[in-house]
Amino acid sequence: MNVEILSNHREHNDRAQHRDLRHYAKHSLFSAPGRHSALLDMLPSDPSGVARTVQALLIYEHAADPLYGYKVPEERRAESHIRPIEKMVDALLALDDRPLSCARAPGKRLVGICRHYMLLSIAILRHHGVPARGRGGFGAYFNPGKFEDHWVCEYWSASDGRWALLDSQLDEVFIRKLGIGFDIHDVPRDQFLTASDAWRRCRTGELDPNLFGIEFAQLRGLWFIAGNLIRDLATLNGREVLPWDVWGSQPAPNSTLSDSELDFFDEIALLTADPDADFDGLNRRFFEDTRLRLPGSVFNSLRERHERVLEG
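First residue of the sequence shown: 1, per full-length UniProt numbering; consecutive thereafter.
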């Protein structure tokens, strides 16, 4: 009888995982290419090919001049605030109307940040039926001894039967500059910590929360990690927001969290530690809890204004 129960439990888990994988192989409101869907047909579906494609279409805003010799004009900085893929492709084609398989010169690439590399990677993979999702957290490879705010793509490696991290932002220029020694198509989990990893390790005292954030802006601490917890939860639920979008229970900068807030974020960290362990709970908590659910408008903390999430 025990063997039968165990077998049924395994079958249930297998069915649940299969359902979850199918969910992440479908487009979200943000990753859907819309009228540009046919343009993705010719793009590669393997992580290496996806990374090369994305790197040839995007340029990282804050590294454009020092690493690529392209000074971003002020009128183009708005590109880094575009949220949906469909509008990202609109902007790309306005700069260069050739197929997306054609590499662009730095000045003809869309200006973005890590989140745009993440979302374009996700969009291409999902277009080809590969389960993919975004993860918000912190990279250990940008600033020695610090964990910098960062976003990467997590895709299902069918050959290994596991989720792997893809950081398409790390092209050959970045790799040389940062001295990257790992495979960018399978980023080690100690080199990228999800918001959940960071929160839980800081709460146990293993890591110092002041190591986490955006060092050059002097934004760091538990409050910052808490904000990323909510954005990561949103992203796991197909709401791939900008890293500076603020809503709901995200703490104010440099705020000290109360005991009840700490308990609340402990719950979110546990829920997002393994998104597949309780996918229904992850989905239900995000959409039913008004402190977490993404509204139609968010506060863009860089522009200091409210914006409709799908109009940016």
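C-beta atoms are modelled at their ideal positions from N, C-alpha and C, and glycine is treated no differently.
Can you tell me whether DSSP reads residue i as helix, strand or coil?
{"i": "Ser28", "result": "coil"}
{"i": "Arg293", "result": "coil"}
{"i": "Arg203", "result": "helix"}
{"i": "Ile5", "result": "For Ile5, the predicted structure reports a pLDDT of 44, less than 50, and the residue's modelled location is therefore unreliable. A value from the coordinates is still provided. Helix at Ile5."}
{"i": "Val72", "result": "coil"}
{"i": "Gly213", "result": "strand"}
{"i": "Phe142", "result": "coil"}
{"i": "Leu95", "result": "helix"}
{"i": "Glu307", "result": "strand"}
{"i": "Met42", "result": "coil"}
{"i": "Phe224", "result": "helix"}
{"i": "Leu219", "result": "strand"}
{"i": "Leu58", "result": "strand"}
{"i": "Phe192", "result": "strand"}
{"i": "Val187", "result": "coil"}
{"i": "Ile180", "result": "coil"}
{"i": "Arg109", "result": "coil"}
{"i": "Ser48", "result": "helix"}
{"i": "Ser80", "result": "helix"}
Hey, out of the options, whose CA is closest to residue i's CA?
{"i": "Leu222", "options": "Phe286, Phe147, Ala158", "result": "Phe147"}
{"i": "Phe265", "options": "Phe279, Asp276, Gly248, Ala277", "result": "Gly248"}
{"i": "Pro47", "options": "Ser260, Cys153, Arg201", "result": "Cys153"}
{"i": "Trp163", "options": "Asp274, Ala123, Arg76, Arg291", "result": "Asp274"}
{"i": "Pro209", "options": "Ile122, Asn254, Leu178", "result": "Asn254"}
{"i": "Ser80", "options": "Gly69, Asp97, Arg115, Gly49", "result": "Arg115"}
{"i": "Ile124", "options": "Val246, Leu310, Ser31, Arg305", "result": "Ser31"}
{"i": "Phe287", "options": "His18, Asn237, Glu311, Val298", "result": "Asn237"}
{"i": "Arg76", "options": "Glu61, Glu261, Leu207", "result": "Glu61"}
{"i": "His27", "options": "Gly134, Thr290, Ile184", "result": "Gly134"}
{"i": "Arg83", "options": "Gly227, Met118, Asp197, Tyr70", "result": "Met118"}
{"i": "Asp197", "options": "Ala25, Thr272, Asp90, Tyr68", "result": "Thr272"}
{"i": "Arg291", "options": "Glu267, Glu304, Leu310", "result": "Glu267"}
{"i": "Tyr24", "options": "Leu110, Ile122, Asp97, Ser45", "result": "Ile122"}
{"i": "Arg73", "options": "Leu110, Asp97, Lys87", "result": "Reading off the sequence, residue 73 comes out as Pro, not Arg. It is Leu110 whose Cα lies nearest to the Cα of Pro73."}
Skipping 5 residues on each side, what residues in its chain have a beta carbon closer than 7 Å to that of residue i?
{"i": "Leu302", "result": "Trp244"}
{"i": "Pro99", "result": "Leu39, Met42"}
{"i": "Leu21", "result": "Pro131, Trp156"}
{"i": "Gln55", "result": "Ser168, Asp171"}
{"i": "Tyr141", "result": "Leu178, Ile180, Gln191"}
{"i": "Leu219", "result": "Gly213, Pro253"}
{"i": "Gly296", "result": "Arg308, Val309"}
Closer than 6 Å by C-beta to residue i: which residues in its own chain qualify, once you throw out the five before and the five after it? Chain order, please.
{"i": "Leu95", "result": "Lys108"}
{"i": "Leu294", "result": "Ala234, Arg239"}
{"i": "Leu211", "result": "Lys146, Phe147"}
{"i": "Val241", "result": "Arg231, Ala234"}
{"i": "Phe299", "result": "Val246, His306"}
{"i": "Leu207", "result": "Arg201"}
Should residue i and residue j be called a contact, given that it needs their Cβ atoms to be closer than 9 Å?
{"i": "Ile225", "j": "Ala252", "result": "no"}
{"i": "Phe192", "j": "Gly112", "result": "no"}
{"i": "Asp149", "j": "Ile214", "result": "yes"}
{"i": "Ile85", "j": "His36", "result": "yes"}
{"i": "Leu120", "j": "Leu57", "result": "yes"}
{"i": "Arg203", "j": "Ala277", "result": "no"}
{"i": "Leu171", "j": "Ala64", "result": "For the record, residue 171 in the displayed sequence is Asp; it is not Leu. No, they are not a contact pair."}
{"i": "Pro106", "j": "Ile59", "result": "yes"}
{"i": "Arg126", "j": "Leu165", "result": "no"}
{"i": "Gly137", "j": "Asn228", "result": "yes"}
{"i": "Phe279", "j": "Arg19", "result": "yes"}
{"i": "Val89", "j": "Pro144", "result": "no"}
{"i": "Val187", "j": "Leu67", "result": "no"}
Here's a check: name, in chain order, each residue in its chain whose Cβ is nearer than 8 Å to the Cβ of residue i, leaving out the five neighbours to either side.
{"i": "Ser101", "result": "Met42, Leu43, Thr53"}
{"i": "Leu257", "result": "Leu222, Trp223, Ala226, Pro251, Phe265"}
Taking only runs that begin and end inside the region 228-301, name each unbroken beta strand (DSSP E) of 3 or more residues, in chain order. Restricted to the region 228-301, the beta strand (DSSP E) segments that are unbroken, complete and at least 3 residues in length are 297-300, listed in chain order.
Jot down the residue ranges of each uninterrupted alpha helix (DSSP H) in the UniProt domain "Transglutaminase-like" (111-167), minimum 4 residues, whole runs only, in chain order. Every unbroken stretch of the alpha helix (DSSP H) spanning 4 or more residues and falling wholly within the UniProt domain "Transglutaminase-like" (111-167) is given here in chain order: 114-127.
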